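Novice:
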Ligand code: PLP
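Numbering (my numbering), first residue to last: 1347 to 1737.
(1) Can you list, in chain order, the stretches of the alpha helix (DSSP H) that have 4 or more residues and sit fully within the stretch 1488-1530?
(2) With burial defined as no fewer than 16 other Cβ atoms inside 10 Å of the residue's Cβ, what is the status of residue 1435: buried or exposed?
(3) With DSSP as the reference, please indicate the residues paired to residue 1691 in a beta bridge.
(4) Just reading off the alpha helix (DSSP H) that residue 1573 is part of, what are its end residues?
(5) Looking only at DSSP bridge pairs, what is residue 1647 linked to?
(6) State yes or no: is the C-beta of residue 1501 within less than 9 Å of the C-beta of residue 1466?
(7) Note down the Cα distance separating residue 1377 from residue 1642, rounded to an integer number of angstroms.
(8) Taking the straight line between their C-alpha atoms, what separation do you get for residue 1592 and residue 1718?
(9) In the structure shown, what three-state DSSP assignment does residue 1470 receive?
(10) Would you kindly check if the distance between the Cβ of residue 1522 and the Cβ of residue 1650 is under 9 Å?
(11) Thinking C-alpha only, which one of 1475, 1653, 1602 and 1730 is nearest residue 1385?
(12) Does the beta-carbon of residue 1448, which I'm using as the reference point, lie nearer than 8 Å to any heavy atom of ligand 1?
(13) Quick check on DSSP: helix, strand or coil for residue 1536?
(14) Looking at the structure shown, is residue 1613 part of a helix, part of a strand, or coil, going by DSSP?
(15) In whole angstroms, what is the alpha-carbon distance linking residue 1600 and residue 1448?
(16) Could you name the residues of the same chain whose beta carbon sits closer than 7 Å to that of residue 1421, not counting the 5 residues immediately before and after it, in chain order?
(17) Do you know whose CA, among 1468, 1706, 1373 and 1537, lies nearest residue 1622's CA?
(18) For the alpha helix (DSSP H) containing residue 1553, name the first residue and the last one.
(19) Evaluate residue 1518 with the Cβ neighbour count: other Cβ atoms within 10 Å of its Cβ, from every protein chain shown; 16 or more gives buried, anything less gives exposed.
So, in structure tokens, the structure goes:
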């Protein structure tokens, strides 16, 4: 019998049966009490995640507000930026991967941008960031967990630089929030962005923001975006509604997903993600492969997804046969994005992936390499993972 399909892409990630079932309930009006109850559950669960994203259960934020948007993370990123700047404001965009670049591209449509760019997969040099941020800077943007490269960027240190100049700090926590530690208050984050389809294990098509206590994420006048007007979203959130028609099934799936996170508890969830990503990395190294990103003292490997260099024999044009061999075994992983296509592969452990599913992912990758003639140590890889996973 063929194994069940296993989705190990860095989003969308598998959803629980309960979350999927919730999405198929009969439709209700987005202005009904039934929907308001769903919004409230989703918002409460999100506030738990945003405010308790620590390994020790310590509170990471208080007094802010979680807002839910009908749209993927890019909408959340744009909402955050566009509500904080006027056209002549200066924003410093820190870029070391595709999603850092996306913040830059979004911001270029709304204000003056000073990019601080590093090669994709290279760590951020904090001195270079400090040189770029000045008292003229209105907003600094950075991606915490750079999904395109598997790097965990130094949000705390960049937050200190932003705070030194009284700049607003907008952080994309799309593939960390819900799976890794994220300390909104300690790191001086003014607006944090996350997405349903990533570490929350909710459906694609909804994203969420946390506007920290005391932050007025709202520009006056004509430059405020219409659909993403956060002042309006905040007023409607008070009634457990969105300003426009809510994506009802997606909100239902999200409500269940965040309740499941609360039931697991963020400390256990973070510990699980760290254990699994360490196991996966160790397995890849034992197989004879190398991590793609480079670290410095302020940077770590991601705890929610791993980016590995494709070895000779499965690089460039040869990579298609490898990815096909993985897919033929019923597993879905991702390649590199943009110029990293054919150079790397990426595997997620976000959401509710079990240790056995991770082992299967490792075995499948090993077998797929072997099937295209790349000599790897598949059994050593599984053994290395088991050392971490405890079997
Ligand atoms: N930010 C990060 C870190 C991401 O990983 C992604 C998607 O992978 C996004 C933003 C954008 O998400 P979407 O393209 O679904 O809007």
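All residues carry an ideal CB built from backbone N, CA and C; glycine is no exception. These numbers were taken from a predicted model, which means no experiment stands behind them.
Specialist: The relevant details are as follows:
(1) If you keep only unbroken alpha helix (DSSP H) runs of at least 4 residues inside the stretch 1488-1530, you get 1501-1510.
(2) Buried: at least 16 other Cβ atoms inside 10 Å.
(3) Answer is 1654 and 1681.
(4) In this chain, residue 1573 is not harboured by any alpha helix (DSSP H), its DSSP state being neither H nor E.
(5) Under DSSP, the beta-bridge partners assigned to residue 1647 are 1497.
(6) No.
(7) Counting only the Cα atoms, residue 1642 lies some 50 Å from residue 1377.
(8) Their backbone Cα atoms lie some 47 Å apart in a straight line.
(9) Three-state result, residue 1470: coil.
(10) In contact: residue 1650 and residue 1522 (Cβ atoms closer than 9 Å).
(11) If you compare the alpha carbons of 1475, 1653, 1602 and 1730 with that of residue 1385, the shortest gap goes to 1602.
(12) Checking every heavy atom of ligand 1 against the Cβ of residue 1448, one is found closer than 8 Å.
(13) The DSSP-derived three-state label of residue 1536 is coil.
(14) Helix at residue 1613.
(15) So the two alpha carbons sit approximately 25 Å from each other.
(16) 1415, 1553 and 1574, listed in sequence order.
(17) Out of 1468, 1706, 1373 and 1537, 1706 has the C-alpha closest to the C-alpha of residue 1622.
(18) Run containing residue 1553: none in the alpha helix (DSSP H); it sits in the beta strand (DSSP E), 1552-1557.
(19) Label assigned to residue 1518: buried.
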